[in-house]
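J.: If you're matching positions, the sequence shown starts at 190 in our numbering and goes up one per residue.
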Amino acid sequence: MNVIDAIQQRRAIKRFDPGFKISDADKKKLLSSVMENAPSAFNLQHWRPVLVENVELRKQIREIAWDQPQVTESSLLIVLGAKVSTWEADAKHVWEGAAPEVQNIMVGAINQYYRDRPQTQRDEVMRSAGIFAQTLMLLAQEHGLDSCPMDGFDFDAMAKLINLPEDHVVCLMIAVGKSASQPYPRVGKLPYDNLITIDSF
Ligand SMILES: Cc1cc2nc3c(=O)[nH]c(=O)nc-3n(C[C@H](O)[C@H](O)[C@H](O)COP(=O)(O)O)c2cc1C
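(1) Which of helix, strand or coil does DSSP assign to Val273?
(2) Ligand 1 heavy atoms versus the CB of Leu361: any closer than 8 Å?
(3) Please tell me whether, using a cut-off of 8 Å, the distance from the CB of Trp236 to the nearest non-hydrogen atom of ligand 1 is below it.
(4) Between Thr324 and the rest of its own chain, which residues show a CB-CB distance below 8 Å, the 5 nearest in sequence each way excluded?
(5) Beta-carbon separation of Phe422 and Gln257 under 9 Å?
(6) Any chance the CB of Gln292 is under 8 Å from a heavy atom of ligand 1?
(7) Going along the chain, which unbroken runs of the alpha helix (DSSP H) with 4 or more residues stay wholly within the stretch 237-286?
(8) Which value, in whole angstroms, describes the spacing of the CA atoms of Lys216 and Arg200?
(9) For Ser317, which residues of its own chain have a beta-carbon under 6 Å away from its beta-carbon, when the five flanking residues on both sides are left out?
(10) Could you tell me the distance, in whole angstroms, from the CA atom of Ser336 to the CA atom of Ser368?
(11) Got a sec? Which residues, its chain only, sit under 7 Å from Gln249 by beta carbon, not counting five neighbours each side?
(12) Suppose you measure from the CA of Ser389 to the CA of Pro380; what does that come to, to the nearest Å?
(13) List the whole-angstrom C-beta distance separating Arg311 from Val273, where the pair is believed to meet the contact cut-off of C-beta under 8 Å.
(14) Tell me whether Arg316 counts as near ligand 1, meaning its Cβ is closer than 8 Å to at least one heavy atom of that ligand.
(15) Can you find at least 3 beta carbon pairs, one from the stretch 206-215 and one from the stretch 283-299, that sit closer than 8 Å?
(16) So what does DSSP say about Leu361, is it helix, strand or coil?
(17) Looking at ligand 1, does it come within less than 8 Å of Asp340, judged from the CB to the closest heavy atom?
(18) Hey, quick one: how far does the beta strand (DSSP E) through Ser336 stretch, first residue to last?
(19) Is it right to say Arg304 is buried, meaning 16 or more other beta carbons lie within 10 angstroms of its own, or is it exposed?
Printed below as a string of structure tokens:
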């Protein structure tokens with residue numbers, strides 16, 4: 190599938206076929222491909238996806254997610270968590286394969302960029318998570334799957350349900366499966382000239 194086709198065909202799906210199953214091997218292939226190829230700030234790969242397999246947990250998540258059916262009907266439900274402390278914990282590790290001088294530059298740059306800047310630490314995690322999510326959804330499309338990005342849920346309750354570690358945050362959920370509903374027509378797209386600014390606001 191061409192990238193443009195995947196972009197145009199991807200829609201935020203509201204109902205999935207609950208009988209449709211993605212195999213564990215295919216889930217792993219899909220996620221591995223995203224993790225190996227999606228960009229992340231300083232290659233820190235902040236994402237820590239939680240695959241929600243437990244049926245009871247799905248029901249509990251649906252309760253804190255405005256009763257949205259995608260939570261229990263999708264074959265693959267990912268709560269996209271992310272590790273905020275990765276800049277400190279993993280900087281060396283993620284540059285291990287590079288030349289020693291590159292490693293030194295990157296580790297120093299990461300330290301300078303993130304240290305004592307909690308807002309930046311969180312922003313970076315969210316930026317990388319957004320790109321992760323879109324990469325996953327486009328790839329899913331290529332494999333004939335449908336998806337829905339979701340942040341319609343109680344984030345504090347979610348943190349409790351998935352036992353979120355102290356230095357992690359929840360970014361969003363992504364539901365993946367086989368669509369059982371027609372998407373609404375694409376509406377309300379804002380005109381190019383209303384959104385694009387040349388050089389400065
Ligand atoms: C961060 C984010 C959160 C969203 N949360 C939800 C959600 O909780 N439930 C839902 O049905 N759609 C959700 N959506 C889907 C949007 O409503 C949808 O992308 C938008 O209306 C455009 O439609 P399209 O994706 O089909 O082109 C979310 C989208 C994004 C990017």
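Using N, Cα and C, we set each Cβ at its ideal position, and we do this for glycine too.
T.: Let me spell this out:
(1) Of the three classes helix, strand and coil, the one that applies to Val273 here is coil, per DSSP.
(2) Leu361: yes, Cβ under 8 Å from ligand 1.
(3) Distances between the C-beta of Trp236 and the heavy atoms of ligand 1 are all 8 Å or more.
(4) If we look at Thr324 and ignore the five residues flanking it on each side, its Cβ neighbours are Val223, Asn226 and Ala227.
(5) Given that the chain is displayed from residue 190 to residue 390, the structure contains no residue 422 and the question cannot be resolved.
(6) No, ligand 1 has no heavy atom inside 8 Å of this Cβ.
(7) Runs found: 244-252, 259-262, 275-278 and 280-283.
(8) One C-alpha to the other measures close to 20 Å.
(9) Excluding positions up to five away in sequence, the list reads Ser229, Ala230 and His235.
(10) Answer to the nearest angstrom: the Cα atoms are 8 Å apart.
(11) Leu350.
(12) Roughly 18 Å separates the two Cα atoms.
(13) Right, the Cβ-Cβ distance comes to about 6 Å (below 8 Å), so this counts as a contact.
(14) Not under cutoff, so the answer is no.
(15) No, they do not touch.
(16) For Leu361, the three-state secondary structure derived from DSSP is strand.
(17) Taking 8 Å as the cut-off, one finds at least one heavy atom of ligand 1 near enough to the beta carbon of Asp340.
(18) DSSP places Ser336 inside the beta strand (DSSP E), whose first and last residues are Asp335 to Met339.
(19) Result: exposed.
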